[in-house]
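Under the numbering used here, think of the first position of the sequence shown as 6, with each following residue one higher.
The structure under discussion appears below in the form of structure tokens.
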Amino acid sequence: MITLRAKDVMDKRVVLVERTEPVSKALRMMLDSGIWSVVVTDGGRPTAVLTERDFVRMCLVRGCEGALSIPAGDVATSPLVTCEPDDAVGRVWRLMVEHNVRRVYVVDNGAIVGRVTQTGLFHKLLETFIALSQMMSP
């Protein structure tokens with residue numbers, strides 16, 4: 006039986022920003038990295054996540070004037086939803102559903118080592134399904 010784990014499907018690229026940094030810095034980090042979420046830290050400790058959707062929602066609710074200077078921590082979603090590297094992907098999927106999030110961060114010994122996204126998880130499951138079906142085909 007094949008058991009996929011978080012470490013098998015995670016993307017190791019993670020971007021961090023301190024909660025007091027302005028949203029403009031977080032957005033610049035997103036653009037530069039091509040990763041549309043940043044982990045917000047408080048004194049180096051991961052506490053929340055800021056996504057491009059959080060920024061858009063904030064602009065719709067508060068207006069965009071001055072939005073770029075707001076501290077990232079004031080816009081971010083918390084708590085940060087996490088799992089461990091050896092957690093089965095079924096558990097990771099349940100966390101996404103239970104918390105209504107699109108990404109779960111993988112933590113090993115207190116440090117973020119990666120992230121599992123809905124898209125990445127779907128692609129890996131599809132890839133595995135195709136490989137298994139090809140193995141079973143005559």
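By construction, the Cβ of each residue, glycine as well, lies at the ideal position given by its N, Cα and C atoms.
Remember, it's a predicted structure, so these values are computed and weren't measured experimentally.
For residue i, which residues of its own chain have a beta-carbon under 6 Å away from its beta-carbon, when the five flanking residues on both sides are left out?
| i | result |
| --- | --- |
| valine 86 | Leu100, His104, Val106 and Val109 |
| alanine 31 | Val22, Val43, Leu55 and Ala77 |
Just verifying my parser: in three-state terms, what is the DSSP assignment at residue i?
| i | result |
| --- | --- |
| valine 121 | strand |
| glutamate 26 | coil |
| valine 14 | helix |
| valine 102 | helix |
| leucine 9 | coil |
Rounding to the nearest angstrom, what Cα-Cα distance links residue i and residue j in this structure?
| i | j | result |
| --- | --- | --- |
| isoleucine 159 | valine 61 | The requested residue 159 is not part of the displayed model; the chain covers only 6 to 143. |
| alanine 11 | isoleucine 75 | 33 Å |
| glutamate 17 | methionine 35 | Looking at the sequence itself, residue 17 is lysine, so the reference to glutamate does not match. Those two C-alpha atoms are separated by around 15 Å. |
| threonine 133 | arginine 96 | 17 Å |
| glycine 115 | glutamate 89 | 10 Å |
| serine 29 | valine 14 | 30 Å |
| arginine 33 | valine 43 | 10 Å |
| leucine 126 | valine 118 | 16 Å |
Excluding the 5 residues preceding and the 5 following residue i in the sequence, name in chain order all residues of the same chain whose CB lies nearer than 7 Å to its CB.
| i | result |
| --- | --- |
| aspartate 59 | Val80, Ala81 and Thr82 |
| glutamate 23 | Thr46 |
What do you get for residue i, buried or exposed, if any count of 16 or more other CB atoms within 10 angstroms of its CB means buried?
| i | result |
| --- | --- |
| proline 84 | exposed |
| arginine 67 | exposed |
| cysteine 69 | exposed |
| valine 102 | exposed |
| threonine 124 | exposed |
| glycine 48 | exposed |
| threonine 25 | exposed |
| proline 51 | buried |
Chain B beta carbons: is any one of them nearer than 7 Å to that of residue i?
| i | result |
| --- | --- |
| histidine 128 | Protein chain content of the structure displayed is limited to a single chain, and chain B is not contained in it. |
Kindly list the residues whose CB is nearer than 8 Å to the CB of residue i, restricted to its own chain and excluding five residues on each side of it in sequence; keep chain order.
| i | result |
| --- | --- |
| aspartate 91 | Arg10, Ala11 and Lys12 |
Next item on the list: Write down every uninterrupted run of the alpha helix (DSSP H) in the segment 32-97 whose length is 4 residues or greater and which is fully enclosed by it, in chain order.
Entry: 57-67 and 77-80
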